[in-house]
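K.L.:
Sharing a structure below in structure tokens format, with a few things to ask.
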Amino acid sequence: MGTNRNMPEIERKAMWFLINQPQVLESNTVDEKWFTNNAYRTLASYVNLWGTRYENAEQIAAAFGDTPFGKKLDVQRIFRSIQGVDRPLDPEATFKQLRQAYYIGMMKGAAINVAKDPSEFNFEHLLDIRKQAEQTDTHADIDASKQVEEALRDLNTPNTSFIKTYPGLDKYLGGGLVPNELIVIGARPSVGKTAFALNLATNAILGDPSLTVELFSLEMSSKQNMRRVYAATSGIPLNLWKNPAVRMSESQKEVAANTIKQIAGIRFWSNDRVATIDDISSVIKQHAHRCKTSRYLAIVDHIGLVETSNPREDTRQALEEVSRRLKLLTQNLQIPIIALSQLNRGVESRQSNEPNLSDLRETGAIEQDANVVGFLWRPSDDLDDPNLNLSIKKNRDGETGLLKFYFQKDLQKIAEVSPHAVHE
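In structure tokens form, the structure reads like this:
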């Protein structure tokens, strides 16, 4: 169905609020199914998810208009469809009318089905729709009641969904990685963000063999990544793994063989064959559905190298689309995702080596989408300094602060110096 002006006026009024005053969603509930127009439904679902990030139509147009999603949906056409609508004054009353119109249409359709075929199924379907229509539009109250029940249940039911990584980091995260969260780890090149991600993944999966960890590697080959995992796990220097038949001693080969078998027995996948956000999303969806709930972790290395379907997008637009898509995956699939990110070069010109949130490349969308943002950095300018810091600069559900690590480069091993965090 096109976005023409013959559609119900109430739908155009409701869409006017979603586009021009998306902040009304903070105190109102709008179900996208209430719209009969497919384009309106799709945009409403995205504004429902992201609306509180924007304040007006210009910001929504800037966020969606030039993206492949926005062009496919034809956001500008939707904007034109609400031009000339009598400006509504009361969002609550408007959305209530939209809901009523939806259920009236549903009941009419169900009543026609009963008239054509007065079967028990059709009659029960009509009664079910009528029951839904008669319910008060207090979804917030219902949700609040459910949240209270869940909170009381949580007091006596241990949370088993945590994915353990490093003890100190787990404390920041409230116990470990959990579903619905996008964690961003940023660093300058050659600091060790890939090694950190590999160590974190290995810690997690060795602690929970039921877990599947998938690394989407856009910077190094899967073979290179696996060598690093083998080195860190076995204690055999990385350079020996490049030509083990010649460089390793017989005793080292025995240890290496046992390590390879150990890693082969866990579900750690390094994927270097996909490079676009569409392909990465498709693989994550397939593999997450095959795994048990909360038992899948995806790592993207790194977000700046992920391609979009529109080659004409600039870096800022591409990063915003990739970040938004990864965030949607965490929520739709109920999984955690770790995204590695390069930092702007501005951090190099400062007296302090510690990065700030403003150092995330090109756009603030990454920071906005992330639940947790951490930065890896060396406390000194010495490239051989084994000391690493992880600064937690954003944490929606916890504290910010600093953790200290020790990086054995020859083994690609990163160990936590102390699980006791330095809080800010």
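Per the working numbering, the very first residue in the sequence shown carries number 1; after that it's consecutive. The beta carbon of each residue, even a glycine, is placed where N, CA and C say it ideally should be.
With the cut-off set at 7 angstroms, would you say L297 and P237 are in Cβ contact?
P.N.:
no
K.L.:
State the DSSP-derived secondary structure class of A144, mapped to helix, strand or coil.
P.N.:
Residue confidence for A144 is low, a pLDDT of 49 falling below 50, so the modelled location carries little weight and cannot support an answer.
K.L.:
Among the residues of its own chain, which have a CB less than 7 angstroms from the CB of A101, if the five just before and after it don't count?
P.N.:
Non-local C-beta neighbours of A101 in its own chain, meaning closer than 7 angstroms and more than five positions away in sequence, comprise P8, I10, ordered along the chain.
K.L.:
Do V373 and K393 have their C-beta atoms closer together than 7 angstroms?
P.N.:
yes
K.L.:
What does the Cβ neighbour count give for E124, buried or exposed, with the cut at 16 atoms within 10 Å?
P.N.:
exposed
K.L.:
Pairs of beta-carbons, one from the region 201–208 and one from the region 183–193, closer than 8 angstroms: are there three or more?
P.N.:
no
K.L.:
Exposed or buried, which one is E320 when buried takes at least 16 other CB atoms within 10 Å?
P.N.:
When all chains shown are included, E320 counts as buried.
K.L.:
Give every residue of the same chain whose Cβ lies closer than 6 angstroms to the Cβ of F407, excluding the five residues on either side of it in the sequence, and list them in chain order.
P.N.:
For F407, where only same-chain residues beyond five positions count, the Cβ hits under 6 angstroms are G192, P386, L388, I414.
K.L.:
Between the Cα of I19 and the Cα atoms of W34, T36, Y40, S27, which residue gives the shortest distance?
P.N.:
The candidate whose alpha carbon is nearest that of I19 is Y40.
K.L.:
Are A339 and V213 close, meaning C-beta to C-beta below 7 angstroms?
P.N.:
no
K.L.:
Going by DSSP, what residue range makes up the alpha helix (DSSP H) through F196?
P.N.:
193–207
K.L.:
Where do the N-terminal and C-terminal ends of the alpha helix (DSSP H) with L333 fall, by residue?
P.N.:
315–333
K.L.:
Which residue's Cα is closest to the Cα of G176: S161, A187, R188, P189?
P.N.:
S161
K.L.:
Please report how far the alpha carbon of E416 lies from the alpha carbon of R77, in whole angstroms.
P.N.:
53 angstroms
K.L.:
Does the pairing of the region 221–228 with the region 274–289 give three or more beta-carbon distances under 8 angstroms?
P.N.:
no
K.L.:
Where do the N-terminal and C-terminal ends of the beta strand (DSSP E) with I414 fall, by residue?
P.N.:
Note, I414: beta strand (DSSP E), 413–416.
K.L.:
Along the chain, where does the alpha helix (DSSP H) that runs through V505 open and close?
P.N.:
The chain is shown from 1 up to 424; residue 505 falls before or after that span and cannot be answered.
K.L.:
In angstroms with no decimal places, state the Cα-to-Cα distance between R267 and E313.
P.N.:
Using only the alpha carbons, I get a separation of about 35 angstroms.
K.L.:
For the alpha helix (DSSP H) that E250 lies in, which residues bound it at each end?
P.N.:
250–264
K.L.:
Kindly identify the DSSP beta-bridge partner or partners of K171.
P.N.:
DSSP lists no partner for K171.
K.L.:
Which partner residues of R267 appear in the DSSP bridge assignment?
P.N.:
T212
K.L.:
Do you know offhand how far V24's Cα is from D74's?
P.N.:
23 angstroms
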